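The structure under discussion appears below in the form of structure tokens.
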Amino acid sequence: MDDEDIATGRRRAEAAHWFARLKTLPVSEGTLKEFFAWRREKQNADAFEEAERFWTEAGKAGNSPSILRAVTEAAARGRSRRRFRPALLIPAMAVLAAAVTAGIHYMSLAGSTFQTEPGAQRTVALDDGSRLRLNTDTSLRVRYGASQRELVLERGEALFNVAHDAARPFIVAAGDATVTALGTQFDVAHWGGRISVTLVEGRITIVAPDGSAFQLRPGEQWRWPPENRRVQPVSVGNAVAWTQGRIVFDNRTLGDAIAEVNRYGGKPIILDAPAMAGKRISGTFEAGDKQSFIKAVTAFLPLRQAAGGSADIRLVANDEQQEKISVP
1 MDDEDIATGR RRAEAAHWFA RLKTLPVSEG TLKEFFAWRR EKQNADAFEE
51 AERFWTEAGK AGNSPSILRA VTEAAARGRS RRRFRPALLI PAMAVLAAAV
101 TAGIHYMSLA GSTFQTEPGA QRTVALDDGS RLRLNTDTSL RVRYGASQRE
151 LVLERGEALF NVAHDAARPF IVAAGDATVT ALGTQFDVAH WGGRISVTLV
201 EGRITIVAPD GSAFQLRPGE QWRWPPENRR VQPVSVGNAV AWTQGRIVFD
251 NRTLGDAIAE VNRYGGKPII LDAPAMAGKR ISGTFEAGDK QSFIKAVTAF
301 LPLRQAAGGS ADIRLVANDE QQEKISVP
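Using the UniProt record's numbering, you'd call the opening residue of the sequence shown number 1 and step up by one each time.
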């Protein structure tokens, strides 16, 4: 057996170990942090998916404590050796296979992808009772397994209303960050490498891309990359106003505000005055109503809408207004 086979076998044994460990409550914050660190390696993630697929597809199996205990013990023995011994993988996978004869049924939602176009929103009801509200230009993958409910927010924003299931944590991945909950409501936004998580109610644990972990209280928001503070209090109503068709800016930079307005489709707004991008604005606007946004911005900042242009809307410096208005 060559080194590649040995490494593959070791990863499968580790995956079986993690599968069982995550099914054995309680699951501590430290355990989740360790698991996510292990799973960041693509080959480990593939091995875990293989173990979970084996469990769900081979027997639609579930929560037998004796089966889980045997899987844990078999995988732990394999993990304790520095060199992988193929025989150790057999008990772990055989115990998974034993679920076939146990007659335990488990419903799996695997490989489903939900998307919205720019300017559109969508509500998705999942089979476990959880509900998702997808914002504009969003792509979300859902993969439910026997040990956890995993969702990947590839881009966009979603409000998650999570049905309680103590045996299966609800995990949302956004970039290299993960959010773990059991039953709660929270919002996750993932736009171009920037991530924010806002807790509406309940409790969640966040593992940041750098491995640090945070627990949020209702009314708190976590951001990556961090600005002044990673966790700060916010208005929950403002954070989820998009579900009511509104966009609320509270001391946001003009550059960020324009990027958010553009996500709702239509002609893109182009800021041809780079010096203004960092100026702060506040206000409430109807999603998709760019003209109201432009009217407000040009009224309070030394900007004007350039004439012409059929492909986009350009905002340029208004030199005349600049002389009259002092912008902080």
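Here a beta-carbon is modelled for each residue, glycine too, at the ideal position from N, C-alpha and C. All values reported here derive from a predicted model rather than from experimental measurement.
Of the candidates Asn161, Gly202, Asn262, Thr298, Asn161 places its Cα closest to the Cα of Gly129. Residue pairing of Phe249 in beta bridges, as defined by DSSP: Gly283. The closest CA to that of Arg122, considering only Val240, Ser112, Leu134, is found on Leu134. Of all alpha-carbon atoms in Gly145, Pro118, Ala37, the one lying nearest the alpha-carbon of Glu50 is that of Gly145. C-alpha of Gly9 to C-alpha of Ala47: approximately 9 Å in a straight line.
When rounded, the separation of the alpha-carbon atoms in Val179 and Ala163 is 15 Å. For Gln148, the three-state secondary structure derived from DSSP is coil. A straight-line Cα-Cα distance of about 15 Å links Arg21 and Phe170. The three-state reading of DSSP puts Thr136 in coil, since its state is none of H, G, I, E or B. Assignment of Gln244 by DSSP, reduced to helix, strand and coil, places it in the helix class.
Taking 3 residues as the shortest admissible run, the segment 154-232 contains the following complete beta strand (DSSP E) segments, listed from N- to C-terminal end: 170-174, 177-181, 185-191, 194-201, 204-207, 213-216, 220-224. In this structure, Ala37 places its C-beta atom within 8 Å of the C-beta atom of Gly211. Listed as beta-bridge partners of Gln115 by DSSP are Ser139. If you draw a 10 Å sphere on the C-beta of Pro302, you find 16 or more other C-beta atoms in it, and that means buried. Straight-line spacing of the CA atoms in Ala173 and Ala189 works out to 11 Å.
Here the C-alpha atom of Thr136 lies approximately 17 Å from the C-alpha atom of Phe249.
DSSP, read as helix, strand or coil, puts Val236 in helix. Ile313 places its beta carbon less than 8 Å from that of Lys290.
Per DSSP, Ala299 is not a residue of any beta strand (DSSP E); the alpha helix (DSSP H) it occupies stretches across 290-300. Gly288 is the residue among Gln305, Gly288, Leu126 whose C-alpha sits nearest the C-alpha of Ile247. Per DSSP, Leu126 lies in no alpha helix (DSSP H) segment and is marked neither H nor E. Here DSSP, grouped into helix, strand and coil, assigns Ala37 to helix.
In the displayed model, Gln43 falls within a helix according to three-state DSSP.
Ile281 sits close to Arg252, with the two beta carbons spaced by under 8 Å. Per DSSP, Ala259 lies in no beta strand (DSSP E); the unbroken alpha helix (DSSP H) holding it starts and ends at 254-262. Residue pairing of Arg304 in beta bridges, as defined by DSSP: Val316. Around the beta-carbon of Thr113, fewer than 16 other beta-carbon atoms lie within 10 Å, marking it exposed.
Residues Ala287 of the same chain have their beta carbon placed closer than 6 Å to that of Gly245, with the five preceding and five following residues left out of the count. Straight across, the Cα-Cα distance linking Arg39 with Trp191 is about 23 Å. The C-alpha of Val207 lies about 37 Å from the C-alpha of Ala273. Classified as exposed, Thr284 has fewer than 16 neighbouring CB atoms from the shown chains inside 10 Å of its CB. Close CB contacts of Glu201 within its chain, under the 7 Å cut and outside five residues either way in sequence, are with Thr184, Gln185, Pro218 (chain order). For Leu271, the beta-bridge partners assigned by DSSP are Leu315. A straight-line Cα-Cα distance of about 7 Å links Leu140 and Arg155.
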